[in-house]
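Novice:
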Amino acid sequence: MEKANLSYLKKLAAGDLDFEEKIIAFIKLEFPQEKKRYQKHFESKEFTKAAADVHKIKHKISVLDLKKNHNLATQHEQNLKNSNTDLASEFDAVLEGMTAFINQL
Amino acid sequence: MKSILIDDEVMALEILKKLCSKVKELEVVATFSNAIDAIKYLNSNQVDLIFLDIHMPDFSGFDFVKTLKNPTNVIVTTSEKDFALEAFEHDFIIDFLVKPLSKSRFLKAIQKTKIQKEVPKLKNDFSEENTLLDVLYANVNRRLIKIDIPSINLVEANGDYINVKTSKKNYVIHSTLKKIENKLPSNLFVKVHRSYLINIKKIVDIQDNSVLIEKEIIPVSRINKPELLRRLNLL
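Protein sequence lines correspond, in order, to chains P and E. If you use this note's numbering, the first sequence corresponds to residues 45 to 149, in order. If you use this note's numbering, the second sequence corresponds to residues 20 to 254, in order.
(1) Which ranges does the alpha helix (DSSP H) cover as unbroken runs of at least 4 residues, wholly within the stretch 146 to 219 of chain E, from first to last along the chain?
(2) With DSSP collapsed to three states, give me the class of residue 238 of chain E.
(3) Among E/187, E/176, E/224 and E/56, which one has its Cα closest to the Cα of residue 193 of chain E?
(4) What residues are listed by DSSP as bridge partners for residue 104 of chain P?
(5) Got a sec: is the Cβ-Cβ distance from residue 95 of chain E to anything in chain P below 8 Å?
(6) Which of the three DSSP states is assigned to residue 43 of chain E in this structure?
(7) Who are the neighbours of residue 61 of chain P on chain E, taking C-beta pairs under 8 Å?
(8) Using beta carbons (cut-off 8 Å, strictly below), is residue 70 of chain P in contact with chain E?
(9) Given a cut-off of 8 Å, decide if residue 123 of chain P and residue 131 of chain P are closer than it, judged by their beta-carbon atoms.
(10) If you reduce the DSSP assignment to three classes, tell me which class residue 251 of chain E lands in.
(11) Looking only at its chain, what residues have a beta carbon closer than 8 Å to the beta carbon of residue 146 of chain E, apart from the 5 residues adjacent to it on each side?
(12) Is the beta carbon of residue 46 of chain E sitting closer than 8 Å to the one on residue 20 of chain E?
(13) Can a CB atom of chain E be found closer than 8 Å to the CB of residue 146 of chain P?
(14) Taking 8 Å as the threshold (beta carbon to beta carbon), is residue 76 of chain E in contact with chain P?
(15) If you draw a straight line from the alpha carbon of residue 222 of chain E to that of residue 233 of chain E, how long is it in whole angstroms?
(16) Scan the stretch 78 to 105 of chain P for residues whose Cβ lies nearer than 8 Å to a Cβ of chain E and list them as they occur along the chain.
(17) Please state the DSSP three-state secondary structure of residue 101 of chain E.
(18) Using a Cβ cut-off of 8 Å (strictly closer), state whether residue 138 of chain P contacts chain E.
(19) Would you mind sorting residue 236 of chain E into buried or exposed? The rule is 16 or more other CB atoms within 10 Å of its CB.
(20) Any idea if residue 161 of chain E is buried or exposed, counting beta-carbon neighbours within 10 angstroms, 16 or more meaning buried?
(21) Report the rounded CA-to-CA distance for residue 241 of chain E versus residue 45 of chain P, giving the unit in angstroms.
(22) For residue 245 of chain E, which residues from the same chain have a beta carbon less than 6 Å from its beta carbon, with the 5 sequence-adjacent residues on both sides left out?
(23) Reducing DSSP to helix, strand and coil, say where residue 148 of chain P ends up.
(24) Under 8 Å by Cβ, that's how I've got residue 62 of chain E and residue 253 of chain E pegged, so tell me the actual separation to the nearest angstrom.
(25) What are the boundary residues of the beta strand (DSSP E) that residue 68 of chain E is part of?
(26) Got a sec: is the Cβ-Cβ distance from residue 34 of chain E to anything in chain P below 8 Å?
(27) Which same chain residues, not among the five before or five after residue 190 of chain E, have their C-beta less than 6 Å away from its C-beta?
(28) Just the Cα atoms here: how many angstroms apart are residue 180 of chain E and residue 218 of chain E?
(29) For residue 58 of chain P, which of helix, strand or coil comes out of DSSP?
(30) Where does residue 139 of chain E sit, in a helix, a strand or coil, going by DSSP?
(31) Assign residue 82 of chain P to buried or exposed, taking buried as 16 or more other Cβ atoms, counted over all protein chains shown, within 10 Å of its Cβ.
(32) For residue 106 of chain P, which residues in the same chain have their Cβ closer than 8 Å to its Cβ, ignoring the five residues on either side in sequence?
(33) According to the neighbour-count rule (16 or more other Cβ atoms, all chains shown, within 10 Å of its Cβ), is residue 124 of chain E buried or exposed?
(34) What residue from E/38, E/35, E/50 and E/32 has the CA that sits closest to residue 23 of chain E's CA?
(35) Any idea what DSSP makes of residue 92 of chain E, helix, strand or coil?
(36) What first and last residue would you give for the beta strand (DSSP E) that runs through residue 226 of chain E?
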């Protein structure tokens with residue numbers, strides 16, 4: 045399973061620790077909300093909205109350098125637009141992996 | 020270059036601010052978490068460059084671009100590569116950055132903006148010429164009738180005919196909405212629906228997907244709504 049890391053963020057920050065901390069704080073703040081919104085829409089079968097939520101989460105996925113998971117999210121987003129939930133459990137695993145990583149930051 | 024940033028994700032705005040801080044010529048004058056607030060700001064402020072997220076709830080980045088009054092360079096930021104083709108169909112969009120943004124790609128986009136600023140823009144004076152004419156002659160029952168353009172409330176398509184409605188009188192004319200649209204000043208009239216052209220000055224109020232013109236409720240289609248909003252002096 046692909047592991048999240050902060051290499052993108054560190055490269056962008058170029059030693060600016062305040063910036064790094066700020067972005068991590070925003071990830072900690074925004075990601076749980078985005079995840080909750082996605083789960084709510086998915087459970088209520090509002091798949092178009094759930095697809096939009098996946099789209100939003102994709103930025104966090106890419107900031108945490110999860111390239112393969114980003115591709116999976118893109119596919120899941122497309123599937124949801126057609127009410128196809130085939131990749132739901134794989135995407136849930138991605139969300140859980142991200143949650144675990146973010147919690148230890 | 021005065022710039023504004025539009026993105027509904029706080030983290031994305033922060034990353035953009037950081038990248039903008041690397042370019043001396045860039046001054047971020049405002050940031051917005053939704054497009055509507057940015058439209059209001061642009062009604063009374065001019066900027067040189069807009070960084071715009073495409074995927075936003077309610078009012079997308081593409082809807083926003085359609086509302087731009089003045090030629091302003093727009094750099095689109097998105098997590099979706101597939102939007103690129105659509106993005107370049109819009110005149111103001113000069114570059115397309117895929118998230119996560121990298122410094123090198125960001126700087127290339129800024130370079131493009133600088134080059135773009137140096138290219139003189141062709142001005143289309145056609146609509147301004149139209150405003151000089153304030154009367155329209157239309158064939159009604161084999162007579163050419165003079166219609167005072169500012170008095171027109173709206174024009175409604177009705178099969179092979181159009182109904183030109185003023186406060187005092189309605190004229191049924193054998194013509195199309197497209198033809199009369201080309202004859203009317205574009206600064207005064209806006210198409211709000213495939214069957215309706217309205218005089219902006221006659222709007223009483225706007226609610227959801229309709230406008231009130233005198234006592235008549237006119238539908239506003241989703242596709243025409245951004246253009247209508249662009250024309251209004253929103254507070």
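Glycine included, each C-beta is placed from N, C-alpha and C at the ideal position.
Specialist: With the given structure in hand:
(1) Listed in chain order, the complete alpha helix (DSSP H) runs (minimum 4 residues) inside the stretch 146 to 219 of chain E are 196 to 202.
(2) Note: residue 238 of chain E maps to strand in three-state DSSP.
(3) Distances from the alpha-carbon of residue 193 of chain E to those of E/187, E/176, E/224 and E/56 put E/176 closest.
(4) Per DSSP, none; premise fails for residue 104 of chain P.
(5) Closer than 8 Å to the CB of residue 95 of chain E there is not a single CB belonging to chain P.
(6) In this structure, residue 43 of chain E counts as coil in the three-state DSSP scheme.
(7) What residue 61 of chain P touches in chain E: nothing, since even the nearest Cβ is about 13 Å away.
(8) Interface criterion met: the Cβ of residue 70 of chain P is under 8 Å from a Cβ in chain E.
(9) In this structure, residue 131 of chain P sits near residue 123 of chain P, with a CB-CB distance shorter than 8 Å.
(10) Three-state DSSP puts residue 251 of chain E in coil, outside helix and strand.
(11) Bear in mind that a pLDDT of 44 at residue 146 of chain E, under 50, signals an unreliable position, so the model cannot answer this.
(12) Contact flag set, yes.
(13) The beta-carbon of residue 146 of chain P is placed no less than 8 Å from the nearest beta-carbon of chain E.
(14) Yes, residue 76 of chain E lies at the interface with chain P (some Cβ there is under 8 Å from its Cβ).
(15) When rounded, the distance between both Cα atoms is 7 Å.
(16) From the stretch 78 to 105 of chain P, only 96, 99, 100, 102, 103 and 104 have a Cβ closer than 8 Å to chain E.
(17) Residue 101 of chain E sits in a helix when the DSSP states are folded into three classes.
(18) So no, residue 138 of chain P is outside the interface.
(19) The residue in question, residue 236 of chain E, is exposed, as its Cβ has fewer than 16 Cβ neighbours within 10 Å.
(20) With fewer than 16 other CB atoms across the displayed protein chains lying within 10 angstroms of its CB, residue 161 of chain E is exposed.
(21) Computed Cα separation, rounded: 43 Å.
(22) For residue 245 of chain E, where only same-chain residues beyond five positions count, the Cβ hits under 6 Å are 82, 85 and 86.
(23) The answer is coil: DSSP assigns residue 148 of chain P none of H, G, I, E or B.
(24) Indeed they touch by this definition, with Cβ atoms about 6 Å apart.
(25) 68 to 72 is the extent of the beta strand (DSSP E) around residue 68 of chain E.
(26) Yes, residue 34 of chain E counts as interfacial toward chain P.
(27) Once the five neighbours on either side are set aside, the close Cβ partners of residue 190 of chain E are 159 and 183.
(28) Each residue's Cα considered, the two are about 19 Å apart.
(29) Three-state result, residue 58 of chain P: coil.
(30) For residue 139 of chain E, the predicted structure reports a pLDDT of 48, less than 50, and the residue's modelled location is therefore unreliable. The matter cannot be settled from this model.
(31) Looking at its Cβ environment, which holds 16 or more other Cβ atoms inside 10 Å, residue 82 of chain P is buried.
(32) These residues qualify, in order along the chain: 52 and 114.
(33) By the C-beta density criterion, residue 124 of chain E is exposed, having fewer than 16 other C-beta atoms within 10 angstroms.
(34) When each option's Cα is compared against that of residue 23 of chain E, the closest is E/50.
(35) Secondary structure at residue 92 of chain E: strand, using DSSP grouped into helix, strand and coil.
(36) Bounds of the beta strand (DSSP E) holding residue 226 of chain E are 222 to 226.
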